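Residue numbers (numbering that gives the first Met the number 0), protein chains in the order written: chain A, 0 to 185; chain B, 0 to 185. C-beta atoms are modelled at their ideal positions from N, C-alpha and C, and glycine is treated no differently. Since the structure is predicted, the reported quantities are computational estimates derived from the model, not experimental observations.
Number of protein chains: 2
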Amino acid sequence: MGRVSQAQAQENRRRVVETASRLFREQGAHISVADLMKACGLTHGGFYKQFASKDALIDEATTHAFEELTQLRDAGLEQHAGQRDAAQQTLIDTYLSTEHRDGTADGCPVAALATDMARGLGDRDAHRVYTEGVSDFAEWLSTEDQDGITRLCTMLGALVLARATKGSPLSEEILTTARAALTATS
Amino acid sequence: MGRVSQAQAQENRRRVVETASRLFREQGAHISVADLMKACGLTHGGFYKQFASKDALIDEATTHAFEELTQLRDAGLEQHAGQRDAAQQTLIDTYLSTEHRDGTADGCPVAALATDMARGLGDRDAHRVYTEGVSDFAEWLSTEDQDGITRLCTMLGALVLARATKGSPLSEEILTTARAALTATS
DNA sequence: TCAATTAGATTACGGGGATAATCTAAACTT
DNA sequence: AAGTTTAGATTATCCCCGTAATCTAATTGA
Chain A
0 MGRVSQAQAQ ENRRRVVETA SRLFREQGAH ISVADLMKAC GLTHGGFYKQ FASKDALIDE
60 ATTHAFEELT QLRDAGLEQH AGQRDAAQQT LIDTYLSTEH RDGTADGCPV AALATDMARG
120 LGDRDAHRVY TEGVSDFAEW LSTEDQDGIT RLCTMLGALV LARATKGSPL SEEILTTARA
180 ALTATS
Chain B
0 MGRVSQAQAQ ENRRRVVETA SRLFREQGAH ISVADLMKAC GLTHGGFYKQ FASKDALIDE
60 ATTHAFEELT QLRDAGLEQH AGQRDAAQQT LIDTYLSTEH RDGTADGCPV AALATDMARG
120 LGDRDAHRVY TEGVSDFAEW LSTEDQDGIT RLCTMLGALV LARATKGSPL SEEILTTARA
180 ALTATS
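As structure tokens, then:
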């Protein structure tokens, strides 16, 4: 209890945003502030010293998740020495892996937050960030002879469906089928 | 208040299931029993005379939504006199229409409930129904030279993304792009 | 017709949720 | 070293949720 150094406080705040971005992806924006703070080793009362409201955190956490996504893509591109095709193929394989299917919390926010975005009508910051994120992703995925939008739809659809049918053999089949389709036409 | 004829009671029950199946698709399974019953012109107290629990209703409403989907597909097939290709193309165009994007409540449950299914771990009835529904849909969509799974992923992904980016021009672009892609390769 | 049944309304209860005021002790500041 | 500031803990308020007991009036059926 009591006070904490400014550095510690800032670090705590950062951890709250990061944890929120993971929990929101995993469980949706319905998780309570109390549970979120507990996951950070803090109590829920302290929340409002750092954030104006839960909505404000949602905006911030969404932005954070998309920044991570961009970084990951860029890192992948660098590792392939700027060879876009190779980087794309690697990303597709990772995207449609069982690890990604099972790791929603650390996974693609476009997939994890899609339904929440569709439902949270409002003109929130989060929605703007999301739309831009989709646009960027599609552009990044485009090839000379295929539209990035369609590729993203197929990837996204496969991941979402694989997650929704997890536990059935169909889930794995969806991943391998989509992977094959996206490899053949790349 | 008071009692109502058996016929009326049965009709009321039916309406609760139908309304629930629409509201769940539109807003997720989080809507309260009270709001649901109010939408049916009833009070929330009466609910437990007809259903064992909210979970039981979720199962029933999910099943209902999928029965509707099957019926719609079969009706489309009949209208095309059994010509599967033509029926498929019509369904794809409807599926990727702005009307379907904007009509989540009456739309495809595979798309509307995907995230909820992924999150509601349990081995509920609803999950079994959902998985079977995906399987059926994919089979129905398959052509001689393309897998139904991939086509479903693309359709589903496009619909979900169009909904999530609604309000931006990107939303329409996603629909038309996916429609074109699914027409070219059919 | 009249007693037994029951659909739906009222009301109550226990649990959580978001938010906010207040408290407290540690970190800053001078 | 003393006073001021403030991060986080405690606690409180108010609202909504699922569930269930109780109530009540209409239907059923003998």
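Would you identify the three-state DSSP class for residue i, choosing helix, strand or coil?
i	result
ILE30/A	coil
SER141/A	coil
PHE50/B	coil
THR89/A	helix
ALA177/B	helix
VAL16/B	helix
VAL3/A	coil
LYS165/A	coil
GLY132/B	helix
CYS152/B	helix
HIS43/A	helix
ALA80/A	coil
GLY75/B	helix
LEU112/B	coil
ASP146/A	coil
SER170/B	helix
SER185/A	In this prediction, SER185/A has a pLDDT of 45, which is less than 50 and means its spatial position is unreliable; what the coordinates show is noted afterwards. It is coil, neither helix nor strand.
VAL118/A	Note that residue 118/A corresponds to Arg in the displayed sequence, not to Val. Of the three classes helix, strand and coil, the one that applies to ARG118/A here is helix, per DSSP.
ARG21/A	helix
LEU68/B	helix
ARG123/B	coil
LEU95/A	coil
What does the alpha-carbon distance come out to for the pair residue i and residue j?
i	j	result
ALA163/B	LYS37/B	28 Å
MET154/A	GLY106/A	13 Å
THR186/A	THR18/B	Because chain A here runs from 0 to 185, residue 186/A falls outside it and cannot be looked at.
VAL3/B	ALA113/B	37 Å
ARG14/B	GLY40/B	10 Å
ALA27/B	ALA80/A	The question names Ala, but residue 27/B is Gly in the sequence shown. Cα-Cα distance, rounded: 44 Å.
GLN145/B	GLN78/A	34 Å
ASP115/A	SER31/A	16 Å
LYS53/A	GLY119/A	14 Å
ALA6/B	ARG123/B	30 Å
GLU10/B	ASP101/B	28 Å
ARG72/A	ASP73/B	43 Å
ALA8/B	ARG178/A	50 Å
Residue i: which of the options sits nearest, CA to CA?
i	options	result
HIS63/B	PRO108/B, LYS53/B, GLN87/B and GLU77/B	PRO108/B
LEU22/A	THR97/A, LEU35/A and ALA110/A	LEU35/A
LEU68/B	ARG150/B, ALA177/B, ASP135/B and GLY166/B	ASP135/B
LEU169/A	GLU77/B, SER167/B and ARG127/B	ARG127/B
GLN70/A	GLU59/A, TYR47/A, GLY132/A and PHE46/A	GLY132/A
GLY166/A	ARG12/B, SER52/B, TYR47/B and ALA117/B	ALA117/B
GLU195/B	PHE46/B, ALA8/B and ARG83/B	As shown, chain B starts at 0 and ends at 185. That puts residue 195/B outside it, with no answer to give.
GLY147/A	ALA8/B, ALA6/B and THR176/B	THR176/B
TYR47/A	GLN5/A, ARG12/A and ARG123/A	ARG12/A
For residue i, I'd like the list of residues in its chain whose CB is within less than 7 Å of its CB, leaving aside the five on either flank, ordered along the chain.
i	result
GLU25/A	THR103 and ALA104
GLY75/B	ALA86, THR89 and LEU90
Who are the near neighbours of residue i in its chain, counting only those whose CB is closer than 8 Å to its CB and skipping five residues on each side?
i	result
GLU171/B	THR97 and ALA161
HIS99/B	THR93, GLY106, CYS107 and LEU158
SER20/A	ALA60, THR61, HIS63, ALA64, GLU67 and PRO108
VAL16/A	LEU56, GLU59, ALA60 and HIS63
GLY45/B	MET36
So residue i and residue j are supposed to be a Cβ contact under 8 Å. How far apart are they, rounded?
i	j	result
ILE57/A	ALA111/A	So it is not a contact: roughly 13 Å between Cβ atoms.
THR149/B	ALA137/A	In fact, because the Cβ distance is near 18 Å, the residues do not count as touching under 8 Å.
HIS29/B	HIS29/A	7 Å
GLY1/A	GLY156/B	Their Cβ separation, rounded to whole angstroms, is 50 Å, which puts GLY1/A and GLY156/B out of contact at 8 Å.
Beta-carbon within less than 6 Å of residue i's beta-carbon, same chain only, minus the 5 sequence neighbours each way: which residues are those?
i	result
PHE50/A	LEU56
LEU174/B	LEU95 and ALA161
LEU151/A	PHE136, ALA137 and LEU140
TYR129/A	MET116
ALA33/B	HIS43
THR182/B	none
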